[in-house]
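Numbering (this note's numbering), first residue to last: 13 to 398.
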């Protein structure tokens with residue numbers, strides 16, 4: 013068995029102390045070494061390194077800086093387990109924010125105050141949301157650095173990332189939903205908006221639909237594909253979780269809207285000089301994939317403005333509207349959860365907890381109907397000599 017550390021006397025009278033740090037992927041053994049004038053000093057250094065190894069605090073010196081490490085981590089670790097869209101987001105954040113501010117620092121010399129200063133600058137120039145994303149990426153990367161023995165601690169854990177204000181959902185009330193449906197009768201994406209309001213689909217799930225996923229005869233929509241918009245392109249892939257892959261029955265109103273929409277698409281295709289045939293349910297004007305932000309700008313926000321509704325309402329809020337309307341109608345949470353593609357009913361309740369207090373009056377009314385008000389069925393007052 014090879015020794016884990018040794019002190020070797022050199023021809024010039026000095027002493028070389030070295031400690032074994034492990035083998036690389038090719039099986040080559042690696043050592044950390046240092047030269048001393050006296051054997052006593054070499055023995056002391058070796059004992060100190062071996063003690064650090066035993067306690068898990070030993071660090072092999074490295075010249076790798078943050079820039080080199082983050083790109084290596086992205087290619088070797090993160091890039092192997094995340095989706096293409098997520099990988100592109102990681103790469104953008106690393107190359108545009110983290111590397112310019114921290115890339116020159118050696119990985120082993122990174123300090124919490126340096127990271128905090130970088131977060132503050134990112135926040136001031138790009139907002140807290142970007143800074144939080146950078147924090148999540150850096151923290152995940154440094155987790156691996158600790159596992160690999162390149163760091164003793166995750167420096168990002170010692171830094172306070174900025175707080176971000178969660179976007180408050182703004183679902184449509186029953187009256188607003190009814191008026192919204194009336195207002196979009198002539199809208200090119202009428203069927204798209206109706207489907208979201210009915211099914212609770214995520215916008216990207218509906219935009220990824222092909223006619224093969226639509227059963228018009230039985231009124232069922234199958235979710236098998238989802239698209240999302242990146243900085244420079246659209247991403248097409250499978251739903252994120254097994255629960256997101258689902259079949260959802262929809263109302264006759266939605267089926268009628270889809271049938272009329274299909275006829276109109278056929279007419280558009282005949283008139284178009286160029287048509288990309290992807291068999292999409294909701295294509296753009298040349299048959300290609302529609303971008304949600306374009307639909308919002310040209311077909312959704314103008315409707316909100318005409319109705320006098322806040323233009324801060326998002327297309328995604330149609331999904332929230334579907335959920336809250338179903339909850340208000342006392343539909344069982346498990347059924348709503350399955351329609352939305354949530355992992356479990358608990359997530360559905362926690363997401364829409366704000367609706368529950370509004371439903372309490374309905375509960376009181378229902379219990380009153382069952383038990384009575386007490387005026388007629390309450391116990392009679394007992395009087396003397398009765």
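Note that the Cβ used here is the ideal one computed from N, Cα and C, for glycine as well.
In terms of DSSP beta bridges, what is residue i paired with?
i           : result
residue 18  : 30
residue 286 : Answer is none; residue 286 lacks a bridge partner.
residue 301 : 295
residue 48  : 27
residue 259 : 234
residue 226 : 233
residue 77  : 118
residue 240 : 247
May I ask you to report which of helix, strand or coil DSSP gives residue i?
i           : result
residue 250 : coil
residue 175 : coil
residue 65  : helix
residue 395 : Low confidence applies here, because residue 395 scores a pLDDT of 48, under 50, leaving its location unreliable; read the following figure in that light. The answer is coil: DSSP assigns residue 395 none of H, G, I, E or B.
residue 351 : helix
residue 144 : helix
residue 41  : strand
residue 151 : helix
residue 213 : coil
residue 183 : coil
residue 381 : helix
residue 319 : helix
residue 220 : coil
residue 106 : helix
residue 389 : Because residue 389 sits at a pLDDT of 46, beneath the cut-off of 50, its placement in the model cannot be relied upon, and the point is left open.
Rounded to the nearest angstrom, what separates residue i and residue j at their Cα positions?
i           : j           : result
residue 84  : residue 131 : 22 angstroms
residue 168 : residue 119 : 12 angstroms
residue 396 : residue 381 : Here residue 396 scores only 46 on pLDDT, less than 50, and its place in the model is too uncertain to base an answer on.
residue 44  : residue 32  : 7 angstroms
residue 209 : residue 352 : 11 angstroms
residue 299 : residue 281 : 8 angstroms
residue 187 : residue 337 : 11 angstroms
residue 335 : residue 235 : 17 angstroms
residue 40  : residue 22  : 24 angstroms
residue 96  : residue 64  : 40 angstroms
residue 354 : residue 90  : 25 angstroms
residue 357 : residue 347 : 8 angstroms
residue 58  : residue 94  : 42 angstroms
residue 54  : residue 61  : 11 angstroms
residue 177 : residue 137 : 17 angstroms
residue 26  : residue 52  : 11 angstroms
residue 20  : residue 28  : 5 angstroms
residue 24  : residue 170 : 46 angstroms
residue 192 : residue 319 : 8 angstroms
residue 184 : residue 267 : 22 angstroms
residue 255 : residue 148 : 25 angstroms
residue 275 : residue 265 : 16 angstroms
residue 166 : residue 270 : 52 angstroms
residue 156 : residue 339 : 43 angstroms
residue 179 : residue 163 : 36 angstroms
residue 125 : residue 133 : 12 angstroms
Kindly list the residues whose CB is nearer than 8 angstroms to the CB of residue i, restricted to its own chain and excluding five residues on each side of it in sequence; keep chain order.
i           : result
residue 398 : Residue placement at residue 398 cannot be trusted, given a pLDDT of 42 that sits under 50; what the coordinates show is reported in the next sentence. Cβ within range, chain order: n/a, list empty.
residue 295 : 277, 288, 301 and 302
residue 359 : 349
residue 306 : 296
residue 309 : none
residue 242 : 97, 100 and 101
residue 103 : 86
Here's a check: name, in chain order, each residue in its chain whose Cβ is nearer than 6 angstroms to the Cβ of residue i, leaving out the five neighbours to either side.
i           : result
residue 114 : 78 and 130
residue 383 : none
residue 232 : 259 and 261
residue 190 : none
residue 174 : 135, 140 and 143
residue 76  : 119
Ignore the nearest five residues each way along the sequence and tell me which others in residue i's own chain have a CB closer than 7 angstroms to its CB.
i           : result
residue 30  : 17, 18, 43, 44 and 45
residue 215 : 208, 304, 327 and 328
residue 311 : 199, 200 and 201
residue 211 : 233, 260, 262, 334 and 351
residue 49  : 26
residue 88  : none
residue 218 : 204, 207, 208 and 294
Would you be able to state if there are at least three C-beta pairs under 8 angstroms between the region 196-206 and the region 309-319? The region 309-319, when compared against the region 196-206, does touch it at the 8 angstroms Cβ threshold.
Closer than 8 angstroms is the cut-off here; do at least three beta carbon pairs connect the region 215-227 with the region 287-304? Touching, yes.
Counting Cβ pairs, one atom from each stretch, are 3 or more of them under 8 angstroms apart for the region 135-145 and the region 102-114? Touching, per the Cβ criterion.
Evaluate the contact criterion for the region 240-252 versus the region 331-349: three or more CB pairs, one atom per stretch, below 8 angstroms. Too few Cβ pairs lie closer than 8 angstroms, so no.
Does the contact criterion of 3 or more C-beta pairs under 8 angstroms hold for the region 185-201 versus the region 144-159? Too few Cβ pairs lie closer than 8 angstroms, so no.
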